Amino acid sequence: EKLSVKEILELLDSKKVTSTELVNAYFDRIEKYEDKIGAFVTLTKDYALSRAKVEDEKRASGEKVGALSGVPIAIKDNICTKGIKTTCSSKMLEDFIPPYNATVIEKLEEAGAVIIGKTNMDEFAMGGSTETSYFKKTKNPWNLDRVPGGSSGGSIAAVSAGFAPCALGSDTGGSVRQPASYCGVVGLKPTYGTVSRYGLVAFASSLDQIGPTARTVYDTALLYNVIAGHDTHDATSEDRTYDDFTSYCGKDISGMKIGVPKEFTSEGIDHSVREKVLAAIEVLKNKGAIVSEISLNASKDAIAVYYILCCAEASSNLARYDGVRYGYKAKDYKDLVDMYCKTRSEGFGKEVKRRIMLGSYVLSSGYYDAYYKRAQQVRTLIMDEYKKVFEDVDVIMMPTAPTVAFKFGQNEDDPLKMYLNDVCTVPVNVAGIPAMSINCGFDEDHMPIGVQLLANKFNEKEIFRAASCLEKELNINEIASLEVK
């Protein structure tokens, strides 16, 4: 469970271990601890073993294998997998089996990765704690009384608990980075348009982005190499060539310009979080980076902009769940309208309904200009602000989340407080730029703290450079110990 993807590939290539043995070992660990953590909605052991066998046979016959051949991976349950249930952790899609694969799944299978299961999440990716899942609550492997973060809580917890060496999540407002910070792993939100959204169940289409998570920066780069690239199925997919991101891991960072936003290192950020993040910045300064203070004034409005836009897009994207074509359908109803009402009332959870209502409100005729249109205008200001800042700096460094993982139920009854947890992550999605969270230490209760590195659009290479240097210098390679609890 402590092996990185890089180490796994070395063992497989030197034939010291087979993919079948690996898959069995991960399933042994899952069987032992999954009851405690609750990371998965669906496990696919038979499918995984048949895939592993294929990769083993390829290696044995000396055939050329893919970049992730034989490596087990967990997939967030809002990414379509042909023939494997994809529920979005909602009653609405409890029995939905997609007839096709998402593009990222096609790419992973082409690279030889072995899917071991679909992970729990906040329902339809709406939430920041994995508490809104219809099925169960996923727990934080570092402390079972605390949330793993969300909405990709299951994927991140699976990596943190050693159930899988890597996973895919989706990040709409921080859903890969915030749980990565809470669970002490690496999580990347790529530039909007670099990873195809075809087959990702839509929540907010102008913000959603599939992102990789793993134990190390290098592993995340390996995974990103596989999933990045143009896709004709996705109109927002960028047609460009991508570097080998692993080649930037371990590169010298002397002379790299790092900006530290004063708005995100002052009040509202927990003392222990601020301390560790500033210490991490100091580490890079000692390696030759040039650090300066910057201001991200417009970004303080990002939360308001984000919740208007994501709710508006959710209300239109989720209109398709009407009980007619697929998904849950109410049993007793009088007529068509009654069927719609009952299906949606019974099929969606509280948080999803809240966001659909907010979205329908801001899109309604009297309020469209006052809310939605203005939010789009402020979004442009935020994009311009980042563009300007990145003329002077290569990377921005700041906390991933204002606090460490909170206890279950702490913010459940206060949606506003829950939404404010996204204050550090949301501006990145609004601007469409890339960002990564990596563990930079622990607080006094030994809960992980994440530092976030942001770069200009399509400039992930700077993030990999800075993050791999930081990871090497900090040398934190602890894994949550599940034996003690």
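Residue numbers (the working numbering): -9 to 475.
Think of the CB as a built atom: it goes at the ideal place given N, C-alpha and C, for glycine as much as any other residue.
Note that the structure is predicted; figures quoted are calculated from it, not measured.
Measure how close the beta-carbons of Val7 and Leu1 come, nearest whole angstrom, since I'm counting them as under 8 Å. As a working mapping, residue 7 is identified with position 17 in the sequence shown. As a working mapping, residue 1 is identified with position 11 in the sequence shown. The C-beta distance from Val7 to Leu1 rounds to 5 Å, short enough to meet the 8 Å contact threshold.
Going straight from the alpha carbon of Thr231 to that of Ile466, what length do you get? Residue mapping note: residue 231 aligns to position 241 of the sequence shown, counting from 1. Residue mapping note: residue 466 aligns to position 476 of the sequence shown, counting from 1. Between the alpha carbons of Thr231 and Ile466 lies a distance of about 33 Å.
Unbroken alpha helix (DSSP H) runs of length 4 or more, entirely within the stretch 92 to 131: which are they? As far as the stretch 92 to 131 is concerned, its whole alpha helix (DSSP H) runs of at least 4 residues are 93 to 100.
By Cβ distance, which residues of its chain are closer than 6 Å to Phe448, with the 5 residues on each side in sequence left out? Counting from 1 along the sequence shown, the entry for residue 448 is found at position 458. Excluding residues within five positions, the ones whose Cβ falls inside 6 Å are Thr181.
So Leu274 packs on Leu134, CB below 8 Å; how close in whole Å? Walking along the sequence shown from the start, residue 274 turns up at place 284. Walking along the sequence shown from the start, residue 134 turns up at place 144. Distance from Leu274 to Leu134 at the Cβ level is roughly 34 Å; contact not present, criterion being Cβ atoms closer than 8 Å.
Hey, would you say Lys277 sits closer than 8 Å to Glu463, going by beta carbons? As a position in the sequence shown, residue 277 is number 287, starting the count at 1. As a position in the sequence shown, residue 463 is number 473, starting the count at 1. Yes, these two residues count as a Cβ contact at 8 Å.
Which residues does DSSP pair with Lys179 in a beta bridge? Position 189 of the sequence shown, counted from the start, is the residue given in the question as residue 179. Lys179 pairs with Ala425.
Please report the straight-line C-alpha distance between Asp161 and Gly249, rounded to a whole angstrom. Here residue 161 is taken as the residue at index 171 of the sequence shown, counted from 1. Here residue 249 is taken as the residue at index 259 of the sequence shown, counted from 1. Cα to Cα, Asp161 sits roughly 23 Å from Gly249.
Taking 7 Å as the limit between beta carbons, can you name the residues of its chain near Val207, skipping five residues before and five after? Taking the sequence shown and counting its residues from 1, one reaches residue 207 at position 217. Closer than 7 Å at the Cβ level, and outside the excluded window around Val207, lie Val176, Cys239, Ile428, Phe454, Ala457, Ser458, Glu461.
Taking Leu299 and Ala365 to be in contact with their CB atoms under 8 Å, please state how far apart those CB atoms are, rounded to whole angstroms. Within the sequence shown, residue 299 is the residue found at index 309, counting from 1. Within the sequence shown, residue 365 is the residue found at index 375, counting from 1. Confirmed, about 5 Å.
Ile106 to Ala157, Cα distance in whole Å? As a working note, residue 106 is residue 116 in the sequence shown. As a working note, residue 157 is residue 167 in the sequence shown. Cα to Cα, Ile106 sits roughly 10 Å from Ala157.
For Val191, which of Thr10, Asp112, Met347, Phe396 has the nearest alpha-carbon? On the sequence shown, position 201 is the one that residue 191 refers to. In this structure, Asp112 is the residue among Thr10, Asp112, Met347, Phe396 with its C-alpha nearest to the C-alpha of Val191.
Tell me, please, whether the stretch 113 to 130 touches the stretch 254 to 261 by the rule of three or more beta-carbon pairs shorter than 8 Å. The stretch 113 to 130 vs the stretch 254 to 261: no contact.
If you check the beta carbons only, do Thr109 and Tyr188 fall under 8 Å apart? The residue labelled residue 109 in the question sits at position 119 within the sequence shown. The residue labelled residue 188 in the question sits at position 198 within the sequence shown. Not in contact: Thr109 and Tyr188 (Cβ atoms no closer than 8 Å).
Does the separation of the CB atoms of Ala57 and Leu212 fall below 8 Å? Stepping through the sequence shown from its first residue, residue 57 is reached at position 67. Stepping through the sequence shown from its first residue, residue 212 is reached at position 222. For Ala57 and Leu212, yes; Cβs fall inside 8 Å.
From Val368 to Ser305, what does the alpha carbon distance come to, in whole angstroms? Walking along the sequence shown from the start, residue 368 turns up at place 378. Walking along the sequence shown from the start, residue 305 turns up at place 315. Here the alpha carbons of Ser305 and Val368 stand approximately 21 Å from one another.
Selection from Phe86, Tyr23, Met387 that minimises the alpha carbon distance to Cys414: By one-based count along the sequence shown, residue 414 stands at place 424. The residue with the shortest Cα to Cα distance from Cys414 is Met387.
For Met373, which residues of its own chain have a beta-carbon under 6 Å away from its beta-carbon, when the five flanking residues on both sides are left out? On the sequence shown, position 383 is the one that residue 373 refers to. Counting only Cβ-Cβ distances below 6 Å, and skipping sequence neighbours, we find Ala421.
N- and C-terminal bounds of the beta strand (DSSP E) containing Cys173: In the sequence shown, the residue the question calls residue 173 occupies position 183. Premise fails: Cys173 lies in the alpha helix (DSSP H), 167 to 173, not in any beta strand (DSSP E).
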